[in-house]
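Here the structure comes first, spelled out in structure tokens, and everything after it is commentary.
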Amino acid sequence: MKKLISVLLVLALIATSVFAAGAKEAAPAQAASSDDPLVAAAKADGELVVYGSCEEEYLAAACAGFEKKYGIKVSYQRLSTGEVQAKIEEEKGNPSADVFFGGTTDPYNVLAAEGFLEKYDAKNASHITSPNYKHKDNYWYGIYTGILGFMVNKDVLARKGLEAPQDWPDLLKPEYKDLIWLSNYNTAGTAKLVLNTMIQKYGHDDGIKYLVELDKNIEVYTKSGSGPSKNVGTGECGIGIGFLHDGIYQIVDNGYDNIGLVIPASGTTCEVGATAIFKGAKHPNAAKLWIEYALSPDCVNLAKENGSYQFLVIDNAEQPKQAIEFGLDPNNVMEYDFEDATKNVKTYINDIMTALANSGANTGDVSRFQVK
Numbered sequence: 001m002k003k004l005i006s007v008l009l010v011l012a013l014i015a016t017s018v019f020a021a022g023a024k025e026a027a028p029a030q031a032a033s034s035d036d037p038l039v040a041a042a043k044a045d046g047e048l049v050v051y052g053s054c055e056e057e058y059l060a061a062a063c064a065g066f067e068k069k070y071g072i073k074v075s076y077q078r079l080s081t082g083e084v085q086a087k088i089e090e091e092k093g094n095p096s097a098d099v100f101f102g103g104t105t106d107p108y109n110v111l112a113a114e115g116f117l118e119k120y121d122a123k124n125a126s127h128i129t130s131p132n133y134k135h136k137d138n139y140w141y142g143i144y145t146g147i148l149g150f151m152v153n154k155d156v157l158a159r160k161g162l163e164a165p166q167d168w169p170d171l172l173k174p175e176y177k178d179l180i181w182l183s184n185y186n187t188a189g190t191a192k193l194v195l196n197t198m199i200q201k202y203g204h205d206d207g208i209k210y211l212v213e214l215d216k217n218i219e220v221y222t223k224s225g226s227g228p229s230k231n232v233g234t235g236e237c238g239i240g241i242g243f244l245h246d247g248i249y250q251i252v253d254n255g256y257d258n259i260g261l262v263i264p265a266s267g268t269t270c271e272v273g274a275t276a277i278f279k280g281a282k283h284p285n286a287a288k289l290w291i292e293y294a295l296s297p298d299c300v301n302l303a304k305e306n307g308s309y310q311f312l313v314i315d316n317a318e319q320p321k322q323a324i325e326f327g328l329d330p331n332n333v334m335e336y337d338f339e340d341a342t343k344n345v346k347t348y349i350n351d352i353m354t355a356l357a358n359s360g361a362n363t364g365d366v367s368r369f370q371v372k
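Each residue of the sequence shown is one higher than the one before, starting from 1 at the first, in the numbering used here.
Structure follows, in structure tokens:
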């Protein structure tokens with residue numbers, strides 16, 4: 001796969017131009033119009049079922065927007081990416097949903113490799129800012145990207161006389177014991193990205209060793225990747241590992257100004273949030289229309305209005321100013337090998353869970369390794 005760092009350099013230039021005073025947006029290509037043959041075919045399908053792994057507020061708004069625009073009934077369910085992947089694999093080509101929306105692309109790549117996604121050549125894909133924000137064979141398309149980092153409760157750390165961690169090795173310090181939350185490797189795409197990142201950063205054996213050492217300081221592994229962020233502001237979680245746009249939501253929308261955001265000093269990775277059609281979808285034309293809609297300003301501009309502050313990868317979309325205002329730097333990312341992650345993530349999950357069990361961690365404790 002191509003290197004993400006070059007992609008995000010392009011993104012930085014895009015973000016800068018968008019936020020410059022008086023900057024002009026590209027002429028928007030809206031979602032398909034009512035006289036488009038695809039719209040008629042989609043309406044004949046009558047309905048659409050969506051599995052979403054972005055936050056539910058944005059998922060609900062996106063589905064409501066599609067239903068209002070096209071008069072097609074939409075039902076949706078919010079699941080973690082790991083749950084969606086497991087569900088689709090179990091259904092073996094007879095999916096109970098038509099499309100996948102939001103969430104990290106590692107599970108998308110696995111599903112594509114297993115033959116559970118449908119190829120679709122979307123017209124609106126012409127507005128994606130880089131080929132690295134889409135599957136090379138058009139099995140999924142990116143809609144946003146988010147930076148992996150740390151969210152800290154400044155009050156908790158001050159009370160304990162601790163400085164905020166500034167890099168991945170800092171998280172291993174004994175003074176952070178029982179302060180850190182991460183998501184579950186088995187259920188959350190965020191945790192899978194952390195796992196792949198550490199293996200790519202340190203090598204397989206040292207990456208697994210790092211995560212086993214990190215486990216000594218982790219209090220809870222949440223089911224969803226956004227789980228840690230939801231508990232930082234309250235102080236239940238002192239340090240959360242996850243996507244920094246989730247921290248921005250807690251600050252801006254929920255008023256937790258005691259949250260600090262940290263991009264690891266030696267570099268980090270980012271997610272590419274995507275959308276795709278499931279192979280065997282019961283409403284194939286409505287699913288294709290969804291992809292066009294998801295790649296249009298009609299959909300992605302709803303994100304920042306509904307608590308989702310990721311950088312958008314559509315050139316005619318309006319970037320969320322909050323991501324810039326909070327000092328997030330989309331350039332501070334390390335190389336990420338999507339091909340390795342796709343081929344090996346299931347093995348890596350087994351490796352880390354086995355290593356944790358061998359180190360004495362009770363991986364069957366669902367109060368700590370949460371699955372609900």
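Even glycine gets a Cβ: it sits at the ideal position worked out from N, Cα and C. Note that the structure is a prediction, hence the values are computed from the model and not measured.
Under a Cβ-count criterion, where at least 16 other Cβ atoms within 10 Å of its own Cβ denotes burial, should residue 83 be classed as buried or exposed?
With 16 or more other Cβ atoms from the protein chains shown falling within 10 Å of its own Cβ, residue 83 counts as buried.
Residue 105 (DSSP reduced to helix, strand or coil):
Looking at residue 105 - three-state DSSP - the assignment turns out to be helix.
To the nearest angstrom, how far is the alpha carbon of residue 188 from that of residue 225?
For residue 188 and residue 225, the distance between alpha carbons rounds to 5 Å.
Just verifying my parser: in three-state terms, what is the DSSP assignment at residue 248?
In the structure shown, residue 248 sits in a helix (DSSP, three-state: H, G or I).
Enclosing alpha helix (DSSP H) for residue 85 [first to last residue]:
Here the alpha helix (DSSP H) through residue 85 covers 81-91.
Using the Cβ count rule (16 or more neighbours within 10 Å means buried), how would you classify residue 113?
Its Cβ having fewer than 16 others within 10 Å, residue 113 is exposed.
N-terminal and C-terminal residue of the beta strand (DSSP E) that residue 142 is part of:
Residue 142 -> beta strand (DSSP E) spans 141-153.
Among 41, 356, 95 and 87, nearest to residue 282 - alpha-carbon criterion
Considering only alpha carbons, the answer is 95.
CA-to-CA distance, residue 131 to residue 137, given in whole angstroms
The C-alpha of residue 137 lies about 10 Å from the C-alpha of residue 131.
Provide the residue span of the alpha helix (DSSP H) that contains residue 222, from first to last.
From DSSP, residue 222 is part of no alpha helix (DSSP H) but of the beta strand (DSSP E) over 218-222.
With three or more C-beta pairs closer than 8 Å as the rule, is the stretch 89-105 touching the stretch 315-327?
Judged by Cβ distances under 8 Å, the stretch 315-327 makes no contact with the stretch 89-105, as fewer than three pairs qualify.
Does residue 116 get closer than 7 Å to chain B when you measure Cβ to Cβ?
Protein chain content of the structure displayed is limited to a single chain, and chain B is not contained in it.
Three-state class that DSSP yields for residue 51 in the structure shown:
Residue 51 carries a strand assignment under DSSP once its states are collapsed to helix, strand and coil.
Counting along the chain, where does the beta strand (DSSP E) carrying residue 273 start and finish?
Run containing residue 273: 270-278, per the beta strand (DSSP E) assignment.
Length of the line joining the Cα atoms of residue 355 and residue 81:
Cα-Cα distance, rounded: 23 Å.
Excluding the 5 residues preceding and the 5 following residue 385 in the sequence, name in chain order all residues of the same chain whose CB lies nearer than 7 Å to its CB.
In the structure as shown, the chain begins at 1 and stops at 372. Residue 385 is therefore absent and cannot be evaluated.
Going straight from the alpha carbon of residue 135 to that of residue 287, what length do you get?
Near 17 Å, if we compare the C-alpha coordinates of residue 287 and residue 135.
Is it a yes or a no for the stretch 201-217 touching the stretch 349-365, going by three-plus beta-carbon pairs under 8 Å?
Yes, they touch.
Per DSSP, which residues does residue 78 bridge with? Please list them.
Beta-bridge pairing links residue 78 to 52.
Spatial neighbours of residue 240 within its chain, please: CB distance less than 6 Å, with the 5 preceding and 5 following residues excluded, ordered by chain position.
Only 151, 181, 228, 229 and 232 meet the Cβ criterion.
For residue 357 and residue 237, what's the separation of their Cα atoms in angstroms?
Distance between the alpha carbons of residue 357 and residue 237 is about 23 Å.
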